[in-house]
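Visitor: Mind the numbering: the sequence shown is residues 324 to 439 in this note's numbering, read in order. C-beta: ideal position from N, C-alpha, C; glycine also. Quantities reported herein were computed from a predicted structural model and do not represent experimental measurements. Structure incoming, see below.
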Amino acid sequence: MGYVVGNWSTGTEFEVEKPYRQSDFGHNFYAGQTLVLDGRVTPFAWMGDFSHPIESQEWGWSGQLALPRDLGLNAELELTTTPILELAQLRGASHELGTVPLQAGGHPPHLRCAGC
(Lines of atoms letter the chains of each structure in order from A and count residues from 1; the text may use other names and numbers.)
(Lines give C-alpha, C1' and ligand atoms only; values in the text may rest on other atoms or scores of the structure.)
Protein backbone atom coordinates (compact mmCIF):
# COMPACT_ATOMS: atom_id res chain seq x y z
CA MET A 1 0.00 0.00 0.00
CA GLY A 2 1.24 3.50 -0.71
CA TYR A 3 0.20 7.12 -0.97
CA VAL A 4 0.68 10.38 -2.91
CA VAL A 5 0.17 13.81 -1.30
CA GLY A 6 -1.29 16.62 -3.37
CA ASN A 7 -4.20 18.93 -4.10
CA TRP A 8 -7.32 18.36 -6.14
CA SER A 9 -10.64 20.11 -6.60
CA THR A 10 -13.52 19.52 -9.00
CA GLY A 11 -12.63 20.45 -12.57
CA THR A 12 -8.86 20.54 -11.99
CA GLU A 13 -6.03 18.06 -12.36
CA PHE A 14 -4.42 16.51 -9.31
CA GLU A 15 -1.29 18.47 -8.31
CA VAL A 16 1.37 16.26 -6.73
CA GLU A 17 3.21 17.78 -3.76
CA LYS A 18 4.92 14.58 -2.61
CA PRO A 19 5.41 11.66 -5.02
CA TYR A 20 4.31 8.09 -4.33
CA ARG A 21 5.72 6.52 -1.16
CA GLN A 22 5.18 3.04 0.15
CA SER A 23 3.46 2.91 3.54
CA ASP A 24 3.08 -0.82 4.16
CA PHE A 25 5.84 -3.20 3.17
CA GLY A 26 5.34 -6.78 2.07
CA HIS A 27 2.35 -8.48 0.50
CA ASN A 28 0.39 -9.35 3.64
CA PHE A 29 -1.83 -6.25 4.00
CA TYR A 30 -4.65 -6.65 1.47
CA ALA A 31 -8.34 -6.03 0.71
CA GLY A 32 -8.19 -2.75 2.60
CA GLN A 33 -11.24 -0.72 3.55
CA THR A 34 -11.40 2.81 4.98
CA LEU A 35 -13.82 4.30 7.47
CA VAL A 36 -14.15 7.93 8.48
CA LEU A 37 -14.76 7.99 12.24
CA ASP A 38 -15.40 11.43 13.73
CA GLY A 39 -13.42 12.96 10.85
CA ARG A 40 -10.50 10.53 11.28
CA VAL A 41 -9.37 8.43 8.31
CA THR A 42 -9.26 4.86 9.61
CA PRO A 43 -8.10 2.01 7.35
CA PHE A 44 -8.08 -1.68 8.17
CA ALA A 45 -7.33 -4.76 6.08
CA TRP A 46 -6.75 -8.49 6.13
CA MET A 47 -3.31 -9.88 6.87
CA GLY A 48 -2.04 -13.24 5.75
CA ASP A 49 1.15 -15.05 4.84
CA PHE A 50 1.06 -16.46 1.33
CA SER A 51 4.70 -17.55 1.21
CA HIS A 52 3.70 -21.14 1.96
CA PRO A 53 0.50 -23.24 1.85
CA ILE A 54 -1.85 -22.45 4.72
CA GLU A 55 -3.40 -25.40 6.53
CA SER A 56 -6.56 -23.48 7.37
CA GLN A 57 -8.84 -26.53 7.55
CA GLU A 58 -6.52 -28.30 10.00
CA TRP A 59 -5.83 -25.19 12.10
CA GLY A 60 -9.42 -23.94 12.08
CA TRP A 61 -8.51 -20.41 10.97
CA SER A 62 -6.64 -18.52 8.24
CA GLY A 63 -5.32 -14.97 8.35
CA GLN A 64 -6.33 -12.17 10.66
CA LEU A 65 -7.70 -8.65 10.56
CA ALA A 66 -5.11 -5.89 11.00
CA LEU A 67 -5.67 -3.40 13.79
CA PRO A 68 -7.53 -0.28 12.63
CA ARG A 69 -5.40 2.84 12.70
CA ASP A 70 -5.69 6.59 12.29
CA LEU A 71 -3.85 8.25 9.40
CA GLY A 72 -2.47 11.76 9.29
CA LEU A 73 0.27 13.91 7.76
CA ASN A 74 3.17 15.47 9.65
CA ALA A 75 4.76 18.86 8.86
CA GLU A 76 6.93 17.25 6.14
CA LEU A 77 3.79 15.80 4.48
CA GLU A 78 4.78 12.26 5.47
CA LEU A 79 2.14 9.74 6.45
CA THR A 80 1.67 9.07 10.16
CA THR A 81 -0.16 6.03 11.45
CA THR A 82 -1.23 5.18 15.00
CA PRO A 83 -3.60 2.55 16.42
CA ILE A 84 -7.06 4.01 17.01
CA LEU A 85 -7.65 5.26 20.56
CA GLU A 86 -10.67 2.99 20.98
CA LEU A 87 -8.34 -0.04 21.15
CA ALA A 88 -7.36 1.03 24.69
CA GLN A 89 -10.81 -0.16 25.83
CA LEU A 90 -9.76 -3.74 24.98
CA ARG A 91 -6.75 -3.74 27.29
CA GLY A 92 -6.78 -5.86 30.39
CA ALA A 93 -4.36 -6.74 33.12
CA SER A 94 -0.97 -8.05 32.02
CA HIS A 95 0.27 -11.49 33.04
CA GLU A 96 3.92 -12.47 33.48
CA LEU A 97 4.72 -15.85 31.94
CA GLY A 98 8.39 -16.00 32.90
CA THR A 99 10.89 -17.88 30.73
CA VAL A 100 9.33 -20.06 28.04
CA PRO A 101 11.85 -22.21 26.10
CA LEU A 102 11.31 -22.46 22.33
CA GLN A 103 12.75 -25.07 19.98
CA ALA A 104 14.26 -24.07 16.62
CA GLY A 105 11.85 -24.98 13.83
CA GLY A 106 9.15 -25.99 16.31
CA HIS A 107 5.86 -24.43 17.27
CA PRO A 108 5.55 -22.42 20.49
CA PRO A 109 3.69 -24.25 23.24
CA HIS A 110 0.15 -23.21 24.13
CA LEU A 111 0.83 -20.80 26.96
CA ARG A 112 -1.40 -20.76 30.01
CA CYS A 113 -1.11 -18.64 33.10
CA ALA A 114 -3.05 -18.31 36.34
CA GLY A 115 -5.80 -15.71 35.99
CA CYS A 116 -5.72 -15.55 32.17
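Considering V359, what are the terminal residues of the beta strand (DSSP E) in which it resides?
Guide: Taking the sequence shown and counting its residues from 1, one reaches residue 359 at position 36. Where V359 is concerned, the enclosing beta strand (DSSP E) stretches over F352 to L360.
Visitor: Rounded to the nearest angstrom, how far is the Cβ of L410 from that of Y326, given a contact under 8 Å?
Guide: Counted from its first residue, the sequence shown places residue 410 at position 87. Counted from its first residue, the sequence shown places residue 326 at position 3. Contact doesn't hold; Cβ gap of about 22 Å is too wide.
Visitor: In whole angstroms, what separates the C-alpha of I406 from that of E419?
Guide: Within the sequence shown, residue 406 is the residue found at index 83, counting from 1. Within the sequence shown, residue 419 is the residue found at index 96, counting from 1. A small fix is needed here, since residue 406 is Pro in this sequence, not Ile. Whole-angstrom Cα-Cα distance: 24 Å.
Visitor: Starting from the C-beta of K341, find all residues in its chain whose C-beta is less than 6 Å away, skip the five residues before and the five after it, and write them out in chain order.
Guide: Here residue 341 refers to the residue found at position 18 when the sequence shown is read from its first residue. Contacts found: V328 and L400.
Visitor: Could you say which of S417, S385, G395 and A389 lies nearest to Y353 if we only look at CA atoms?
Guide: Taking the first residue of the sequence shown as 1, we reach residue 353 at position 30. Answer by Cα proximity: A389.
Visitor: Excluding the five sequence neighbours on either side, which residues of its own chain have a C-beta within less than 7 Å of the C-beta of Q387, listed in chain order?
Guide: Numbered from 1 along the sequence shown, position 64 holds the residue referred to as residue 387. Correct list, in chain order: M370.
Visitor: Report the option in T335, G355 and S374 whose CA atom is closest to the CA atom of F367.
Guide: Here residue 367 refers to the residue found at position 44 of the sequence shown. Comparing alpha carbon positions, the residue from T335, G355 and S374 closest to F367 is G355.
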